[in-house]
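Heads up: the structure comes next, in structure tokens.
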Amino acid sequence: MAHRIKNTLAMVKAIVSQTMRHADTKEEAAVTIDQRIAALASAQDLLRQTTYASATIHEVVHGALKVHLESDDRVTIDGVRLDLPSQAALGLSLAIHELATNAAKYGALSNETGHIRISWRHEADDAFRFEWREEGGPEVVKPARRGFGSRLTNQIVPSYFDGSGETAFTPEGLRYVLDGTLPGEPPPSAEPTHARPVADHG
Numbered sequence: 000m001a002h003r004i005k006n007t008l009a010m011v012k013a014i015v016s017q018t019m020r021h022a023d024t025k026e027e028a029a030v031t032i033d034q035r036i037a038a039l040a041s042a043q044d045l046l047r048q049t050t051y052a053s054a055t056i057h058e059v060v061h062g063a064l065k066v067h068l069e070s071d072d073r074v075t076i077d078g079v080r081l082d083l084p085s086q087a088a089l090g091l092s093l094a095i096h097e098l099a100t101n102a103a104k105y106g107a108l109s110n111e112t113g114h115i116r117i118s119w120r121h122e123a124d125d126a127f128r129f130e131w132r133e134e135g136g137p138e139v140v141k142p143a144r145r146g147f148g149s150r151l152t153n154q155i156v157p158s159y160f161d162g163s164g165e166t167a168f169t170p171e172g173l174r175y176v177l178d179g180t181l182p183g184e185p186p187p188s189a190e191p192t193h194a195r196p197v198a199d200h201g
């Protein structure tokens, strides 16, 4: 428990310091910090419900997305049932929050026609790949500078999987790929589980 608390506090410290460094105004920083820590708290609540050992990747994805969605037909999820260790679950939850926030501001969730496709796979050699694809959104424009959100998705989160992350700004829409490793036996069934996140309408 002490180890998990230290890791969480280190993550909070990084969120605050890096957000303050990259924000244009204090007001912007305050809003962003509040949102990121709320996403972290939501992931912690999920882990608490599962005794902190692990959480299924479907629970992590759904939990991170639900506050960003007004309708459950904007996202398609495709992947096998998979348990994530606690730190990997926290990291992936924050990455999805960043991607969804960006999609709501500039990408596939900022108009009425955009769609997001999320998929993952886990191989027998422990290889793990998570992919986020946007389509149908506004014309993609590569940002002039990279902020903490990019560092989070492309460096910090992949480190929890001993891997790497890459964001591509393609004509079809933003694409994010996380490649890493996830020790343990992959699910015995080769059949993927298809699901759509359920929006939280209060």
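Mapping of the sequence shown onto numbering that gives the first Met the number 0: residues 0 to 201, in sequence order.
For each residue, glycine too, the CB sits at the ideal point set by N, CA and C.
For residue 130, the uninterrupted beta strand (DSSP E) run begins and ends at 126 to 134, by DSSP. Excluding its 5 nearest sequence neighbours in each direction, residue 165 has C-beta neighbours in its own chain below 6 Å: 176, listed in chain order. Contact annotation: residue 174 and residue 138 have beta-carbon atoms that are not nearer than 9 Å. Residue 173 sits in a strand when the DSSP states are folded into three classes.
Taking a cut-off of 8 Å for Cβ pairs, the stretch 139 to 148 and the stretch 117 to 128 do not touch, as fewer than three such pairs fall below it. A direct Cα-to-Cα measurement between residue 32 and residue 38 gives close to 10 Å. Residue 57 holds the alpha-carbon nearest to the alpha-carbon of residue 77 among 25, 57, 30 and 83.
Nearest to residue 172 by C-alpha distance, out of 112, 158 and 119, is 112. Taking a contact to require three or more Cβ pairs closer than 8 Å, the stretch 104 to 123 and the stretch 154 to 164 do not qualify as touching. Residue range 147 to 150 is occupied by the alpha helix (DSSP H) that includes residue 150.
Between residue 64 and residue 95, the C-beta gap is smaller than 9 Å, which places the two residues in contact. Setting aside the 5 residues that flank it on each side, residue 87 is surrounded in the same chain by 159, 160 and 181, each with a C-beta closer than 8 Å to its C-beta; the list follows chain order.
As DSSP reads the structure, residue 163 sits in a beta bridge with 178. Put simply, of 22, 116, 122 and 104 the residue whose alpha carbon is nearest the alpha carbon of residue 80 is 122.
Sorting 90, 55, 72 and 28 by C-alpha distance to the C-alpha of residue 154 places 90 at the top. Taking the Cα of residue 136 as reference, the smallest distance to any Cα among 74, 61 and 35 is reached at 74. Under the DSSP assignment, residue 59 falls outside any beta strand (DSSP E), being part of the alpha helix (DSSP H) whose first and last residues are 56 to 64. Looking at the DSSP output, residue 75 sits in a beta bridge with 116. Proximity to residue 141 across 170, 114 and 118 peaks at 170, based on C-alpha coordinates.
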